[in-house]
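Have a look at the structure below before the remarks.
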Amino acid sequence: MKILALSGSNANNSFNEALLKFIAKQFADKYDFKLATVKGLPMFKEGEDAPESVQTLSKEIEDADLVLIGSPEQQHSVTSALSSALEWLSCTSHPFKGKPVAIVSTSPMPQGGSRSQSRLKSLMTAPGFSAKIFNGDEFMMGTAPKQFDENGDLTDKSSVEFLGHFFDEVDDWYAQVTK
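Residues in the sequence shown are numbered consecutively from 1, following full-length UniProt numbering.
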């Protein structure tokens with residue numbers, strides 16, 4: 001399965017990007033990962049054609065079998081960078097239509113980006129997206145600064161084990177939605 005791991009952060013040291021990189025390394029023998037980010041994309045401007053960088057991201061989404069979004073939380077919602085990228089994609093090329101999407105998040109706060117995930121799931125089912133959203137067990141990891149070692153690996157064995165469970169559920173769900 002080709003998975004586009006999309007970081008929804010524009011932070012220099014994004015914990016969600018670190019989580020996606022760990023996932024890609026941890027499950028490299030099971031999936032074909034490509035990492036992408038919303039970092040550096042221009043802010044959405046209604047009525048304008050999507051810039052080349054947004055068109056490239058749209059093509060990467062279209063080419064993926066599944067999109068895995070690492071969604072940070074800001075002000076109880078998704079980041080402005082992710083929101084802007086999604087606005088471009090929902091108004092121009094619609095690459096999420098019928099696309100299987102799973103969401104993970106981590107946060108310095110204990111709740112691990114739970115509100116961001118809820119908000120993003122709601123957005124992704126809107127008519128401009130019409131994505132197929134994974135709604136099984138959710139992976140939300142709190143206290144992110146304490147979770148990674150100097151190599152970017154997760155230090156909590158139960159989090160790593162739960163990621164395995166999470167992807168087993170994603171695999172089962174993916175098989176059902178792509179029949």
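Each residue gets a CB set at the ideal place from its N, CA and C atoms; glycine is no exception.
Can you tell me whether Ala85 is buried or exposed? The criterion is at least 16 other CB atoms within 10 Å of its CB, across all chains shown.
Looking up residue 85 in the sequence shown gives position 85. Classification for Ala85: buried.
When you compare each of Phe139, Leu4 and Gln147 to Leu66 by their alpha carbons, which one comes out closest?
The sequence position of residue 66 within the sequence shown is 66, counting from 1. The option with the nearest alpha carbon to Leu66 is Leu4.
Exposed or buried, Thr155, counting other C-beta atoms within 10 Å across all chains shown (16 or more means buried)?
Residue mapping note: residue 155 aligns to position 155 of the sequence shown, counting from 1. Under this definition Thr155 is an exposed residue.
Does the region 38-55 come within contact of the region 86-100, defined as at least 3 CB pairs closer than 8 Å?
In short, these stretches touch, since the Cβ pair count reaches three.
Between which residues of its own chain and Ala24 is the CB-CB distance below 7 Å, once the five residues before and five after are set aside?
As a position in the sequence shown, residue 24 is number 24, starting the count at 1. Hits under 7 Å: Ala5, Phe33 and Leu35.
How many angstroms separate the CA atom of Tyr174 from the CA atom of Arg115?
Here the question's residue 174 lines up with position 174 in the sequence shown. Here the question's residue 115 lines up with position 115 in the sequence shown. Approximately 24 Å between the Cα atoms of the pair.
Would you please state the rounded distance, in angstroms, between the beta carbons of Ser77 and Arg119? I believe it to be under 8 Å.
Position 77 of the sequence shown, counted from the start, is the residue given in the question as residue 77. Position 119 of the sequence shown, counted from the start, is the residue given in the question as residue 119. Indeed, because the Cβ distance is near 5 Å, the residues count as touching under 8 Å.
So for Gln176, helix, strand or coil by DSSP?
The sequence position of residue 176 within the sequence shown is 176, counting from 1. The answer is helix: DSSP assigns Gln176 an H, G or I state.
Of the choices Glu62, Leu68 and Gly164, whose alpha-carbon is the least far from that of Asp121?
On the sequence shown, position 121 is the one that residue 121 refers to. Reading the sequence as shown, one finds Lys at residue 121 and not Asp. The shortest Cα separation from Lys121 among Glu62, Leu68 and Gly164 belongs to Leu68.
Kindly provide the ranges of any beta strand (DSSP E) runs that are 3 or more residues long and lie completely inside the UniProt domain "NADPH-dependent FMN reductase-like" (1-144), ordered along the chain.
If we require 3 residues or more, the beta strand (DSSP E) runs fully inside the UniProt domain "NADPH-dependent FMN reductase-like" (1-144) come out as 2-7, 32-37, 66-70, 100-106 and 139-141.
Between Met109 and the rest of its own chain, which residues show a CB-CB distance below 7 Å, the 5 nearest in sequence each way excluded?
Mapped onto the sequence shown, residue 109 falls at position 109. Here the set comprises Gly142.
Taking just the CA atoms, how far does Ala102 sit from Met1?
Taking the sequence shown and counting its residues from 1, the one referred to as residue 1 is at position 1. Taking the sequence shown and counting its residues from 1, the one referred to as residue 102 is at position 102. When rounded, the distance between both Cα atoms is 13 Å.
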